[in-house]
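Visitor:
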Amino acid sequence: MRRAITSVLALFGFLLFVSPALANEGTVAFVGATIIDGTDAAPLEDGVLVVTDGWIRAVGPRSEVTLPSGAQVVDVSGKYIMPGLINAHGHVGATVGLNGNGGYDRGNLLRQLSLYARYGVTTVNSLGGDQEAGFVLRNEQFSKDLDRARIYVAGSVVVGDSEQAIRDEVNRNADMGADFIKVRIDDNLGATQKMSRPFFEALVDQAHIRRLPVAVHLYYLDDAKFMLDANADIIAHSIRDLPVDRELISKVAESDTCYIPTLTREVSTFVYESVPDFFEDPYFLKEVEPAIIEELSTPERMSRIAGSRSAQTYKAQLPTAMDNVGTLYNEGVRVAMGTDTGPPARFQGYFEHMEMHMMVNSGMTPLDAIRASTGIAADCIGMGDIGTLEPGKWGDFSVLADNPAEDIRNSHSIESVYVAGNLVPAE
Ligand SMILES: [Zn+2]
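Letter by letter, the sequence shown follows residues 1022 to 1448 in my numbering.
(1) Span of the beta strand (DSSP E) holding Phe1129?
(2) Which term fits Ala1042, buried or exposed, when burial requires 16 or more other beta carbons within 10 angstroms of its beta carbon?
(3) Look up Met1197 in the DSSP assignment and say whether it is helix, strand or coil.
(4) Going by DSSP in three states, Phe1418 sits in which element: helix, strand or coil?
(5) May I ask which residues mark the beginning and end of the beta strand (DSSP E) holding Pro1425?
(6) To the nearest angstrom, report how far apart Asn1108 and His1378 are at their CA atoms.
(7) What I want to know is whether the C-beta of Asp1361 ends up closer than 6 Å to one or more non-hydrogen atoms of ligand 1.
(8) Cα-Cα, which of Gly1105, Ser1084, Phe1051 is closest to Asp1406?
(9) Just the Cα atoms here: how many angstroms apart are Gly1416 and Gly1211?
(10) Let's see if you can read the secondary structure: which residues bound the beta strand (DSSP E) around Asn1252?
(11) In the DSSP assignment, what are the bridge partners of Pro1104?
(12) Write down the C-beta distance between Val1273 and Leu1349 rounded to the nearest angstrom, noting that I regard them as a contact closer than 8 Å.
(13) Who does Ile1202 pair with in a DSSP beta bridge?
(14) With 16 other CB atoms within 10 Å as the buried threshold, where does Ala1312 fall?
(15) Would you kindly work out how many angstroms separate the C-alpha atoms of Pro1264 and Val1346, rounded to a whole number?
(16) Could you tell me which residues DSSP pairs with Pro1082 in its beta bridges?
(17) On a Cα-Cα basis, can you pick out the residue from Gly1114, Val1438, Tyr1304, Ser1147 that is closest to Ala1236?
(18) Alpha carbon to alpha carbon, how far is Asn1122 from Ser1271? Give it in angstroms, no decimals.
(19) Buried or exposed for Ser1383, please, with buried defined as at least 16 other CB atoms from any protein chain shown within 10 angstroms of its CB.
(20) Which residue marks the beginning of the alpha helix (DSSP H) containing Arg1267, and which one marks its end?
(21) So for Thr1360, helix, strand or coil by DSSP?
(22) Kindly identify the DSSP beta-bridge partner or partners of Asn1120.
(23) If we ignore side chains and look at the alpha-carbon of each, how far apart do Arg1214 and Asp1208 end up?
(24) Are there 16 or more other CB atoms within 10 angstroms of the CB of Gln1162, so buried, or fewer, so exposed?
(25) Go ahead and label Leu1444 buried or exposed: buried means 16 or more other beta carbons lie within 10 angstroms of its beta carbon, across all protein chains shown.
As structure tokens, then:
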């Protein structure tokens, strides 16, 4: 026993002795960039960002930040740094190519999380369809060695044929460790039946008993008002049938509810009726297999979409969705970037950049679109350790050649992405 204590003391002494030398190991200082930190602050010119063991240790002007001795210095003068993008509504699931059921397994999920990360999307809130392997990856990500996107999970999209069945399903997801409860209140343009309102209320009640926020898929203005009255927490799609009105705006403002537009989800429903412009964008092409583009460009497929009533309805309602984003943004509502990427032809990584561009086209400033995709998105999904570049947060960020706050299309100029301070590897 005494020997054991002596060994422990010896080890402790050893650690004390070497700790000054170890303190700066794993410290990297990025020096000279303009830093967009994801908060309300203006971009900081000639800034320094110091990351130690995955965590941000200091951020500030070069004149005010002392570089820890022994820190590895990365010269990023003339470049731009912004926080890793957070997709507040995505899906990391079974998609392979254009097959929505290609396989839900660890390998496929990791492939998607790496793809997101290469595009600078360092966190994905997977809102439904999540199984065991997704929960395991969520649990593993609190590590300084992480170099792929973080994932948060909702479990199944809750359905049930009785209030009890719905409460049971909420409990199953909660028991697995879900971060959110996801529910749909939609009739898919009249094709299906909506969840009944008492069932929905039971779901919110049970989710809140389990202390989980409820993210709601919806389409109609009326359902948005109802879900707010029922105390559901996150509006996970745009209101698309009608312009938002005073009643809705005051309900959203009173409850401080976040609004996730998923505008590119709408685009994905109709855009393949012809060959989209982005099929020629190198930033898209670098990650997409030619066979997928070929398949989406076949005349039969394009004419099927051109003739689809639902696709054409979503297309016709997109301007309403965009106007609503602009209105709510101008009213001070918290808008969080989300895309609903993951299902076939909703391209993970690329669509998040398109979403920010569409948010700007809806009336947001580029800097506010970036905030909506970083600090505000983190806030909306309740994750306090990501989203902004401040001491104590994970070192998740991108280095860009051109200023995205000046022109949101410059988000395509990402040169390198870091997660927990680790460079995300090229494929
Ligand atoms: Zn979704």
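For each residue, glycine too, the CB sits at the ideal point set by N, CA and C.
Guide: In short, the structure shows the following:
(1) Here the sequence assigns Asn to residue 1129, which means Phe is not the residue at that position. Taken as a continuous stretch (DSSP letters only), Asn1129 belongs to no beta strand (DSSP E), being part of the alpha helix (DSSP H) at 1127–1139.
(2) Per-residue confidence for Ala1042 stands at a pLDDT of 40, beneath the threshold of 50, marking its modelled position as unreliable; the derived number appears in the next sentence. It is exposed - the Cβ of Ala1042 has fewer than 16 other Cβ atoms within 10 Å.
(3) Note: Met1197 maps to helix in three-state DSSP.
(4) Reduced to three states, the DSSP call for Phe1418 is strand.
(5) Element bounds for Pro1425: n/a, residue is neither H nor E.
(6) Asn1108 and His1378 have their C-alpha atoms roughly 14 Å apart.
(7) Taking 6 Å as the cut-off, one finds at least one heavy atom of ligand 1 near enough to the beta carbon of Asp1361.
(8) Relative to the Cα of Asp1406, the nearest Cα in the group Gly1105, Ser1084, Phe1051 belongs to Gly1105.
(9) Each residue's alpha carbon lies about 45 Å from the other.
(10) Taken as a continuous stretch (DSSP letters only), Asn1252 belongs to no beta strand (DSSP E), as it is neither H nor E.
(11) When beta bridges are read from the DSSP output, Pro1104 appears opposite Phe1418.
(12) Indeed they touch by this definition, with Cβ atoms about 7 Å apart.
(13) Val1235.
(14) When all chains shown are included, Ala1312 counts as exposed.
(15) Computed Cα separation, rounded: 10 Å.
(16) Answer is Gly1068, bridged to Pro1082.
(17) Measuring from the Cα of Ala1236, the nearest candidate turns out to be Ser1147.
(18) Straight-line Cα distance between these residues: approximately 41 Å.
(19) Buried, since its Cβ has 16 or more Cβ neighbours within 10 Å.
(20) It spans 1267–1276 - the alpha helix (DSSP H) in which Arg1267 sits, taken as one unbroken run.
(21) Coil, per DSSP.
(22) Paired residues: Val1117.
(23) In the sequence on display, residue 1214 carries Gln and not Arg. Taking the straight line joining both Cα atoms gives about 5 Å.
(24) It counts as buried.
(25) Counting every other CB atom within 10 Å of its CB across the protein chains shown gives Leu1444 a total below 16, marking it as exposed.
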